[in-house]
Amino acid sequence: DVKVTQSSRYLVKRTGEKVFLECVQDMDHENMFWYRQDPGLGLRLIYFSYDVKMKEKGDIPEGYSVSREKKERFSLILESASTNQTSMYLCASSLMDAPWRGYTFGSGTRLTVV
Amino acid sequence: GENVEQHPSTLSVQEGDSAVIKCTYSDSASNYFPWYKQELGKRPQLIIDIRSNVGEKKDQRIAVTLNKTAKHFSLHITETQPEDSAVYFCAASMAGGATNKLIFGTGTLLAVQP
């Protein structure tokens, strides 16, 4: 029944490492999103994509990049991980033509940078 | 850009009481307002949403009201039960554009005391 899958539930990385977070959806959704969730700050949009090879910055893109080579896969990349990127990362997807159906979220990846 | 404020950040009620969570948004072009519930350790899930052409929507014990003039919307939960305990997020979107990116509020931790 799981429709949005994030590759790792928990991840521990060292400062300076390049980190890849993977998200795959099987619903043929055009839109995909990466959020980070921090206590008291809610869900903040990092990047989103509305088509293959298309990407747009969200509210907090600094220190991150993304890749969307295939419709079903949206990757978040931390170029050089830092301790302030320790957070819960949530991927989501949605239909372009039916936004009222809302987002489908993945289970999240809790990343700790040490 | 769009900004969504959500209050209160925490809410404790007795079982059977009502709970109200309020949100305000900044972009008058926003026309879609979903609410998500996130239980501990789980992904956010859509529980109810409202579009700008409607002032109120109800689904069993939950209801959402929208005041477009004042740019605020609220979630009402009646006859609360312990299983309503969770973090609730409001969001706003300008649905119908190239993407339907959601801007989330900071969340409300609802605790229903048995």
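First to last, the sequence lines map onto chains A and B. Start counting the first sequence at 1; every next residue gets the next number (this note's numbering). Start counting the second sequence at 1001; every next residue gets the next number (this note's numbering). Note that the Cβ used here is the ideal one computed from N, Cα and C, for glycine as well. Computed from a predicted structure; not experimentally measured.
Where T109 of chain A is concerned, the enclosing beta strand (DSSP E) starts and stops at T109 to V113. The beta strand (DSSP E) runs of length 3 or more contained entirely in the stretch 1075 to 1110 of chain B are, from start to end of the chain, 1086 to 1092.
In the three-state DSSP reduction, Q85 of chain A falls in the helix class (H, G or I). For the 8 Å CB-CB criterion, E1002 of chain B and S1026 of chain B form a contact. The C-alpha of R1061 of chain B lies about 10 Å from the C-alpha of D1084 of chain B. It is roughly 48 Å from the alpha-carbon of M54 of chain A to the alpha-carbon of Q1014 of chain B. When DSSP assignments are scanned along the stretch 1019 to 1045 of chain B, the uninterrupted stretches of beta strand (DSSP E) that are 3 or more residues long and fall wholly within it turn out to be 1019 to 1025 and 1032 to 1038. With at least 16 other beta carbons inside 10 angstroms of its own, K1101 of chain B counts as buried. According to the DSSP assignment, Q25 of chain A belongs to the beta strand (DSSP E) that extends over V19 to Q25.
For G42 of chain A, the uninterrupted beta strand (DSSP E) segment begins and ends at G42 to S49. For E1056 of chain B, the enclosing beta strand (DSSP E) covers residues E1056 to D1059.
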